[in-house]
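Below you'll find the structure, written out as structure tokens, and then a few comments.
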Amino acid sequence: MSPRGYVGVVGPGEASPELEAVAEEVGRLLAAHDLVVVCGGLGGVMGAAVRGCHGAGGTSLGLLPGADRRDAHPLLTLSVPTGLGEMRNALLVRSCDAVIGVGMSWGTLSEVALAVRTGVPVVLVGTGTGDEAPDVADVAAVVPPQPGVVPPVLVGGPQAAVERVLTMARPTRRQALGTGH
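When the sequence shown is numbered by my numbering, its final residue is 245 and no position is left out of the sequence of numbers.
Have a look at this one:
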């Protein structure tokens, strides 16, 4: 069976072991649902999601910031050396049916913002480690609601994140994820 949809897993390139454990479980669960894990292709949260995906026999795609494929995480199924630096964040978001954020960094924040602005559903995982994304209410207090813009959803863990991704994608994206017609 070919993978049904592409889900970005975004988060800090340098992450605590606890945060990496959450990302690894997200990657494993996505692979169990036959979804492609899309990430920045390096270490930290990205590498942990790839480990989880690989361990479950899934497919992963890394969009690398640099121009050298040798920089890719060794367990990636596919790697694309973009040579675009942080600008590759836009490619990552636009190639996904949904995005799951595990932890927060400036790069992660840019990916979340790009996803929200372009209509790609975003789920932020509360990890309980102190590394998690800011509460959605805090973000909403700073960014006023805009018509047609769906803010990120905060959930309590990896299982809830994957379940939410499967239900919140737009109709055309739900079809890609195998959850709608």
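Cβ atoms here follow ideal geometry from the backbone N, Cα and C, with glycine treated the same way.
Residue i: first and last residue of the uninterrupted beta strand (DSSP E) it sits in
| i | result |
| --- | --- |
| Ser174 | Looking at the DSSP string, Ser174 is not in any beta strand (DSSP E); the run it does join, the alpha helix (DSSP H), is Trp170 to Arg181. |
| Val163 | Ala162 to Val166 |
| Gly126 | Ser124 to Leu128 |
| Val217 | Val217 to Val219 |
Contact check, residue i vs residue j, beta carbons under 9 Å
| i | j | result |
| --- | --- | --- |
| Gly116 | Asn153 | no |
| Gly111 | Glu84 | yes |
| Val157 | Val184 | yes |
| Arg133 | Ser143 | yes |
| Ala95 | Gly69 | no |
| Val102 | Val176 | no |
| Val109 | Val166 | yes |
| Gly77 | Leu106 | yes |
| Val71 | Val229 | yes |
| Asp98 | Gly122 | yes |
| Leu139 | Val100 | no |
| Val180 | Leu93 | no |
| Gln223 | Glu82 | no |
Helix, strand or coil at residue i according to DSSP, with G and I counted as helix
| i | result |
| --- | --- |
| Gly116 | helix |
| Ala285 | This structure does not reach residue 285, given that the chain is present from 65 up to 245, and the question cannot be answered. |
| Pro145 | strand |
| Leu106 | coil |
| Gly91 | helix |
| Pro81 | helix |
| Val157 | helix |
| Val207 | coil |
| Arg238 | At Arg238, the pLDDT of 48 sits below 50, so the modelled position is not reliable; the number obtained from the coordinates is stated separately. Of the three classes helix, strand and coil, the one that applies to Arg238 here is helix, per DSSP. |
| Val74 | strand |
| Gly111 | helix |
| Val86 | helix |
Residue i: CB within 8 Å of a non-hydrogen atom of the ligand FAD
| i | result |
| --- | --- |
| Ala79 | No copy of the ligand FAD occurs in the structure displayed, which carries no ligand at all. |
Per DSSP, cross-strand counterpart(s) of residue i
| i | result |
| --- | --- |
| Gly69 | Leu99 |
| Val186 | Val163 |
Host alpha helix (DSSP H) of residue i (start-end)
| i | result |
| --- | --- |
| Ala225 | Pro222 to Met232 |
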